[in-house]
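Let me begin by presenting the structure, written as structure tokens, before commenting on it.
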Amino acid sequence: MHRSLRRCRARRPRSNLRGHRGRRPAPCQPRKHLRQPQARLSSVELDLKGRSILVTGGSGGIGSIVAEQFAREGANVTIAARVRERLEQTKAEIASRAGVDVRITEMDVTDAESIASAVQSVLDSAGRIDAVISSAVDVVGALPGSPSELDVTSLGNAIDVKVLGILRLAQSVVPHMKASRYGRIIGVGGASSRQVGSASASVRNSALAALCKNMATELGPHGITVNVIHPGAVLTERNRPRVEAEMERNGGTFEEAEARMATAIPVGRMIHPEDIGALAMLLASPAGGAITGQTIAVDGGSTTAITY
């Protein structure tokens, strides 16, 4: 028995054991454990300032907004994509909106040599890589539909980018993360992985989740966490045509069409890239160190599947 428990029992008067009718006395605990959890919770900070963050698919969509959020928190952010012109445009837009600077590097996640070159570029400029957010995606031709409608080549390309892309990236950065005993690998999937109706999306995003679960088990002992964020219907340029299609069907302004679509989402609004970034920042921070091997939906509650 713990000494402080023994002393506590010895000090407790018998009358306290009875107390008021129907009420039990609070159990006595060792003094050193009484306030530590509360102290830890009150002092939690993301501690992202100065951390080196690499965002693939960073020239647009979710990736560019997530990169901007990290940069606003003082992180040293590098955005990576295949087309340098788009990277330079995104860099300028982030500087204009937020007054922060991000680095750029060209990277093709389907090419291991391209990844290695980009990773070395980040290491040369920042000295380390603390976290990678893999949001690169290729959905050309791999549109929602039944398996019989899918183009096999397009589906293969989508898997090559989203699933094998994060594997190649992890294989390149993990040795450096192991050396520093700190690393965060975050994949951006899709809530469609948990439901039928979009065969291409469910296949590639489920595969991403399975791969990251396996990586999390292997890398956990080295201080590296691996997680997947499954966004719902995020209002980006890629999803803008869906809102415009709703406008054509039922009329009204873009905002009115968006509001109608949002009625199917329990939180009553569309998901924004900033919602994805908020979770990514937690997972990338020291505060998220106990979260690994998880697939977390940021979909406003719209996914109807029960996962446990």
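Take 0 as the starting number for the sequence shown in numbering that gives the first Met the number 0 and just add one per residue.
Backbone N, C-alpha and C define an ideal beta-carbon position, used for all residues, glycine too.
S58 is classed as buried because its beta carbon has at least 16 other beta carbons within 10 Å across all chains shown. S51 sits in a strand when the DSSP states are folded into three classes.
Taking the C-beta atoms as reference points, A200 is found no nearer than 8 Å to V160. The C-beta distance from T55 to S133 rounds to 5 Å, short enough to fall under 8 Å. With the rule of 3 Cβ pairs closer than 8 Å, the segment 277-295 does not count as touching the segment 80-87.
The Cβ neighbour count for K90, taken over all protein chains shown within 10 Å, is at least 16; the residue is labelled buried. Ranking S95, G73, I165 and D123 by CA distance to the CA of V108 puts I165 first. In the DSSP secondary-structure assignment, T224 is bridged to R183. Our two residues, D129 and S51, have alpha carbons roughly 5 Å apart in a direct line. H229 is the residue among H229, A256, R268 and T306 whose C-alpha sits nearest the C-alpha of I61. Residue range N75 to A80 is occupied by the beta strand (DSSP E) that includes N75. Taking C-beta atoms as the reference points, A198 and P240 fail to come closer than 8 Å. Considered as a whole, the segment 191-267 harbours 198-218, 239-249 and 253-261 as its complete alpha helix (DSSP H) runs of no fewer than 4 residues, in chain order. A distance below 6 Å between beta-carbons, with the five flanking residues on each side excluded, links R268 to the following residues of its chain, in chain order: A261. In the structure shown, the three-state DSSP call for E67 is helix. Bounds of the beta strand (DSSP E) holding T104 are R102 to E105. Between the C-alpha atoms of G188 and N249 there is a straight-line separation of about 30 Å. The continuous alpha helix (DSSP H) containing S124 extends over residues A111 to A125. Beta-bridge partners of T294 (DSSP): V227. Relative to T104, the option among T77, T306 and Y181 whose CA is nearest is T77. Per DSSP, reduced to three states, the secondary structure at I132 is strand. Taking C-beta atoms under 8 Å as the contact rule, V131 and V101 fail to qualify, at a distance of about 14 Å. By the CB criterion at 8 Å, P285 and D137 fall outside the cutoff.
In the DSSP assignment, I270 forms a beta bridge with V233. CA-CA distance, V297 to G98, rounds to 28 Å.
Here A289 carries a coil assignment [DSSP, helix/strand/coil]. Annotation for C211: I165, I184, G186, V225, N226, V227, G292 and T294 place their beta carbon closer than 8 Å to its own, counting only its chain and skipping 5 residues before and after. Here DSSP, grouped into helix, strand and coil, assigns G60 to helix. Taking C-beta atoms as the reference points, V162 and R96 fail to come closer than 8 Å. Cβ contact annotation for A117 (same chain, cutoff 6 Å, sequence separation greater than five): A79, T104 and M106, in chain order. Taking the CA atoms as reference points, A244 sits about 44 Å from L218.
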